[in-house]
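Report on one structure; see the data block that follows.
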């Protein structure tokens, strides 16, 4: 069963995703800075890979859905 999600719900979801991305990564940076400054900047992994997921989320919200025209139904 497919449910259509409204455009405003998609944008709201993207904004929440972005908010949690920023807050979580800022928290990790603060912990790194307070505890482990002299070692490798380990929050980089979360920033990069979660950022990739965020880009795909943005892309999914901003691109138009494909239509099913041209597909055969049996």
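Numbering (full-length UniProt numbering), first residue to last: 1 to 74. Note that beta-carbon positions come from the ideal geometry of N, C-alpha and C, so glycine has one too. For clarity, every value in this text was computed on a predicted model and none was experimentally measured.
- A direct Cα-Cα distance of roughly 23 angstroms separates residue 37 from residue 20.
- If you draw a straight line from the Cα of residue 22 to the Cα of residue 29, it is about 10 angstroms long.
- Sequence-distant Cβ neighbours of residue 18 in its own chain, meaning closer than 7 angstroms and more than five residues away, are 54.
- Annotated as proximal: residue 41 and residue 32, with beta-carbon spacing under 8 angstroms.
- Residue environment: residue 65 is assigned as exposed (fewer than 16 neighbouring CB atoms within 10 Å of its CB, all protein chains considered).
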